[in-house]
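In the numbering used here, the protein residues as written are 4 to 445. Reviewing the structure listed below.
As structure tokens, this is what we get:
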């Protein structure tokens, strides 16, 4: 099948505009919330967000990502009539709903009624009380991505949520309200509810079609154990970098201070700028890679990988240089309280560059059925990251976490590139560009 790269790139530019808007909103949200509430409250809030994000990854069993991949491979019309796909949906409901309810009840009892969590009890109570809303939004956004509607997949969490947080923090500042952990928790709860309503509203028609079904098609194979194992690997490989970042926030808050946790949070938020185009491109290319692999079209698969390599390598280098040169100024956007975060930002940016230069390695392995290999590699990188955190955070605080993450991401980049060459026969890293240039000049 001939792939019209120009058409894909034109669509990608439209997605890029929306994703850049989302990135800008997330950045403004972090700046406004940090300036209004200060480094300590922002650090306490960051700890709670990291805890609930990792809890969501565990409770979901990766089934949201598995559903996204299977829906992208089948298409809405076939999936709606496929009994095998419906069994996947029922499995997700039977596991995620009761676990989400249990998490909410246990969180309320532990953090609000018993006061567990100490300094972090109020935000932890809020994020667990609203955990069901978070999980519902998570699965709805995965469905949107599976429908090859990448913009819809982040309209709730990346557009409406940061807008609501900005408005809420602005109202606190304008009215002179208390800059406390309770107030920031209430702002979070309201923003989460609004973002859920937004994604549910924009997905109402495809959801109705999925529920309505139609004339049955031959059911696809379904194996409960295989589905859960595949989901587990998917959640790790597609969220590996995010897991490492949230582990940093949790470990810093536990081993150092909320202020150091706030440094790590804003440093990572800024360092993400290096990977901006990766986030944009993956929204478009994840379902396309899954589709090309599912149909056995290696020509299309190779073309997608080559395009991604150019996009990620060139943009990663340019943005890395910018972040390294302007780090001292960038952190001051969050307020003078954050001046000490500049070196942490530079360390995180090194790791982000390594990920960009390795291309689409993790996603390529995952979308081509090699999620086990990707999972093993990510576990190695995560274990290294945690070990280095334990060694460095007590002495260097947030900077130690930044160095640990940079080193573990460099290892991740090397191992995923080798795995792609061995398992798939494609090299997604910038080394491909160097070889092409060398062969072209020889």
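Every residue, glycine too, gets a C-beta built ideally from N, C-alpha and C. As the structure is a computational prediction, the values presented were derived from the model and not from experiment.
Does DSSP put residue 40 in a helix, a strand or coil? Residue 40 carries a helical assignment under DSSP once its states are collapsed to helix, strand and coil.
Residue span of the alpha helix (DSSP H) that contains residue 276, given as start and end: No alpha helix (DSSP H) holds residue 276; DSSP gives it neither H nor E.
I'd like to know if the stretch 307-316 and the stretch 325-333 are in contact, where contact means that at least 3 CB-CB pairs between them fall below 8 angstroms. no
If you draw a straight line from the alpha carbon of residue 292 to that of residue 187, how long is it in whole angstroms? 40 angstroms
Nearest to residue 27 by CA position, among 161, 100, 406 and 123, is which residue? Nearest option by C-alpha distance: 161.
Residue 376 and residue 387: beta carbons closer than 8 angstroms? Residue 376 is not a Cβ neighbour of residue 387, given a cutoff of 8 angstroms.
For the structure I just gave you, are there three or more beta carbon pairs, one from the stretch 356-364 and one from the stretch 405-423, closer than 8 angstroms? yes
Shortest alpha-carbon distance to residue 24 belongs to which of 399, 158 and 183? 158
Run of the alpha helix (DSSP H) containing residue 411, from where it starts to where it stops: 401-426
Contact between the stretch 83-99 and the stretch 143-152: three or more CB pairs below 8 angstroms? no
Is the beta carbon of residue 142 closer than 8 angstroms to that of residue 106? no
Taking 8 angstroms as the limit between beta carbons, can you name the residues of its chain near residue 31, skipping five residues before and five after? When the five nearest sequence neighbours on each side are left out, the beta carbons in the same chain lying within less than 8 angstroms of the beta carbon of residue 31 are those of 165 and 169, in order along the chain.
Given residue 353 as reference, the closest of 395, 362 and 407 once Cα atoms are compared: Nearest option by C-alpha distance: 407.
If you run the structure through DSSP and keep just helix, strand and coil, what is residue 319? helix
Could you give the uninterrupted runs of the alpha helix (DSSP H) lying entirely in the stretch 130-191, keeping only those of 4 residues or more? DSSP runs (the alpha helix (DSSP H)) wholly in the stretch 130-191: 134-149 and 164-178.
Measure from the alpha carbon of residue 108 to the alpha carbon of each residue in 121, 96 and 127, then state which is nearest. Among 121, 96 and 127, the Cα nearest to that of residue 108 is on 127.
Indicate whether the contact test is met: 3 or more Cβ pairs, each with one atom in the stretch 36-51 and one in the stretch 328-342, closer than 8 angstroms. A contact is defined here as three or more CB-CB pairs under 8 angstroms, and the stretch 36-51 meets this definition with respect to the stretch 328-342.
Have a look at residue 140 and residue 70 and give me their C-alpha separation to the nearest angstrom. 14 angstroms
Starting from residue 117, follow the alpha helix (DSSP H) in both directions and report where the run begins and ends. Residue 117 -> no alpha helix (DSSP H), and no H or E assigned at all.
Exposed or buried, what is residue 301 when buried is set at 16 or more other beta-carbons lying within 10 Å of its beta-carbon? exposed
How would you write the range of the alpha helix (DSSP H) that residue 207 sits in, first residue to last? 207-215
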